[in-house]
Amino acid sequence: MSSLLKAIEKAQGESPERNVELSDYASEALSDTRGSTGRSAWLLSSIVLASVSVIVGVAVYISLNLSEDNLAGGVAPAPVSGNQPISDSAIWPEESPQPSQDGESLPVTPVSSETEALYAEVGQAEDVDAVNMSAETTRAAEALWQEATSIADLPLDLMLELEEINYSAHVYNPESGEGFAFINGERLEAGRFLGIAQVQALVEQGVIFKARGTLFRIEALQDWELQLKQ
Numbered sequence: 060m061s062s063l064l065k066a067i068e069k070a071q072g073e074s075p076e077r078n079v080e081l082s083d084y085a086s087e088a089l090s091d092t093r094g095s096t097g098r099s100a101w102l103l104s105s106i107v108l109a110s111v112s113v114i115v116g117v118a119v120y121i122s123l124n125l126s127e128d129n130l131a132g133g134v135a136p137a138p139v140s141g142n143q144p145i146s147d148s149a150i151w152p153e154e155s156p157q158p159s160q161d162g163e164s165l166p167v168t169p170v171s172s173e174t175e176a177l178y179a180e181v182g183q184a185e186d187v188d189a190v191n192m193s194a195e196t197t198r199a200a201e202a203l204w205q206e207a208t209s210i211a212d213l214p215l216d217l218m219l220e221l222e223e224i225n226y227s228a229h230v231y232n233p234e235s236g237e238g239f240a241f242i243n244g245e246r247l248e249a250g251r252f253l254g255i256a257q258v259q260a261l262v263e264q265g266v267i268f269k270a271r272g273t274l275f276r277i278e279a280l281q282d283w284e285l286q287l288k289q
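Quick note: to get our numbering, add 59 to the position in the sequence shown (first position is 1).
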């Protein structure tokens, strides 16, 4: 600006006509300078106003979110610095069970007394069903024992096909209706075979077999072998 004024003064000293032209030039230059300054000030004001608008918008958004969390019963977590350790309570709510660090299972949810009573009733019903089934099995086995023919009364052709019997042990549980017998060194239960004869059931009195479609029985701990009459 100072150099421009000096040029104008010098020109005024040289020629009056040019004084007018230089004066006009200086006025235009000053006008352009003021216009540029005005535009810069307007641009700066616009930037500041936009920044303030963004900050206000972010603040309003955060305030609304915090209000919604409070209405829903939630609590906004406190800010945690980078060097501050995070406790388990900050991650897991107090109401929810936290996983154990030693790998043990989580605590079992307590069961109400009404639920325990229902479980007890179901267990008792299952026990009753098991007892009834055992009783039915025992009665069926007893009926089968009465129906079966004694091994000594079988037809000769069938006895010739049977193995000799060495009856060494007999175990029977009357409550469950289950048992087993050791015959010829083998443990025999229902469904097992002794030669062509299959075990149908065990009762307290002995074992019931079936061979060639014929039911026959043998007394517990009684050995048997075919003895032909001379």
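Note that the Cβ used here is the ideal one computed from N, Cα and C, for glycine as well.
Around Ala-240, the same chain offers His-229, Leu-247 and Val-266 as residues with beta carbons nearer than 6 angstroms, after the five sequence neighbours per side are excluded. By alpha-carbon distance to Ser-227, the top candidate from Tyr-120, Gln-281, Leu-213 and Ala-207 is Gln-281.
Under the three-state reduction of DSSP output, Arg-276 falls in the strand class. Judged by DSSP secondary structure, Leu-261 falls within the beta strand (DSSP E) whose first and last residues are 256–261. Ranking Leu-287, Leu-108 and Glu-237 by CA distance to the CA of Ala-194 puts Glu-237 first. Per DSSP, Leu-215 is one residue of the alpha helix (DSSP H) stretching across 215–218.
Of the other Cβ atoms in all chains shown, 16 or more fall within 10 Å of the Cβ of Leu-261; this residue is therefore buried. Closest by C-alpha distance to Tyr-231, out of Phe-252, Ile-106, Ile-210 and Gln-264, is Gln-264. The bridge partners DSSP lists for Arg-271 come to none.
For Leu-247, the enclosing beta strand (DSSP E) covers residues 245–247.
For Ala-228, the enclosing beta strand (DSSP E) covers residues 226–232.
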